[in-house]
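Read through the structure below, which is laid out as C-alpha cells, and then see the notes.
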Amino acid sequence: MSDQPYLIPAAPAQFIEEIKKSTFITYLAHTPDVASAKAFVEQIKEKHADARHNCWAFVAGRPEDSMQWGFSDDGEPSGTAGKPILAQLSGSGVGEITAVVTRYSGGIKLGTGGLVKAYGGGVQQALKTLQTLEKKITVILNLQLDYAFMPLAQSIVSQFDGIQGDTDFGQQVVMQVEVEKCHVADFTQAIINKSSAKIIISEEK
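The sequence shown begins at 1 in the numbering used here and counts up by one.
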C-alpha cells in the first residue's frame with residue numbers, strides 16, 4: 001500500500017438534474033470502508049424507496065485500490081449506470097467515496113447512451129462541488145530521551161510537521177510522536193544523527 005496522502009470528501013455533495021422528465025438525484029458521501037459504503041447506499045435506498053432506481057458505485061479505499069471498488073445498475077440496463085458512476089469516481093482522484101444516483105422515471109426512454117450520459121454526468125457535476133481534504137498516512141513513534149534533548153526532539157518533530165502526543169516525564173522523557181509514514185525514514189535519520197544516537201526511537205506496535 002502506498003504511503004502517499006490522498007484526497008477524501010470533507011462534506012457530502014448533491015446534484016439534481018431533470019432529463020426528459022426523469023429526475024436524477026446524485027448523492028456523494030465520505031465512506032472510509034466497504035461496510036460504510038454499503039450502509040450509505042442502503043440509507044439512500046430507504047430515503048427514496050419509491051424511486052424506480054437507486055444506482056451506485058464506491059471507491060472505499062485509496063483512489064487507485066480497485067480491490068475496494070463496487071457498483072450496481074440496480075435494474076437499469078447492464079453497464080448504463082454503475083460503471084459510468086464508478087468511472088467518474090475512479091477518475092476523480094478522490095478516495096473513500098460513494099455515489100448513489102436516484103432516478104425517478106418520467107416515462108420517456110433515454111436509451112443506453114442517454115442513461116450512461118445521465119448517470120455519469122450527474123456524478124461529474126456533483127464532484128465539481130465536492131469539498132475535499134487530504135488524508136495523510138501516519139505512524140506513531142516512541143522517543144525515549146534525556147530532558148536535555150527535549151528542545152532538539154521538538155524541533156525535529158516540528159520540522160517534519162509531526163504531532164507530539166502523550167509524553168511521560170520520569171527519569172527520562174518518553175514522547176509519542178505522530179509522523180507521516182512517507183517521512184519516517186528521514187525523520188528517524190534526523191533524530192539519530194542530530195542526537196548522536198542518544199534519542200532512542202521505536203515504532204508503536
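We treat Cβ as the ideally placed atom computed from N, Cα and C, and that holds for glycine.
Alpha carbon of residue i to alpha carbon of residue j, nearest angstrom
i      : j      : result
Arg62  : Gln131 : 17 Å
Gln144 : Gln172 : 7 Å
Pro55  : Lys198 : According to the sequence provided, residue 55 is Cys. The question's Pro does not apply to it. One C-alpha to the other measures close to 58 Å.
Val101 : Lys181 : 36 Å
Arg103 : Thr31  : 22 Å
Val177 : His53  : 48 Å
Gly165 : Asp33  : 26 Å
Ala213 : Ala35  : Because residue 213 is not part of the residues shown, which for the chain are 1 to 205, the question remains open.
Ala51  : Ser92  : 27 Å
Gly75  : Glu134 : 35 Å
Residue from the options with nearest C-alpha to residue i
i      : options                 : result
Pro9   : Ala29, Phe24 and Phe15  : Ala29
Ala126 : Leu89, Asp33 and Thr167 : Leu89
Asn142 : Gln154, Lys38 and Val59 : Gln154
Phe136 : Ile156, Val41 and Gly95 : One detail in the question is off: residue 136 reads as Lys in this sequence, not Phe. Selected option, being the one with the closest Cα: Gly95.
Buried or exposed by the 16-neighbour rule on C-beta atoms within 10 Å, applied to residue i
i      : result
Phe187 : buried
Gly107 : exposed
Thr112 : exposed
Met67  : exposed
Glu46  : exposed
Ser22  : buried
Ala57  : buried
Pro151 : exposed
Phe169 : exposed
Residues sharing a beta bridge with residue i, DSSP
i      : result
Val94  : Leu7
Glu17  : Phe24
Lys135 : Tyr6
Within 8 Å, do at least three Cβ pairs link the region 125-142 to the region 12-22? yes
Should the region 77-87 be called in touch with the region 116-123, which here means at least 3 C-beta pairs below 8 Å? yes
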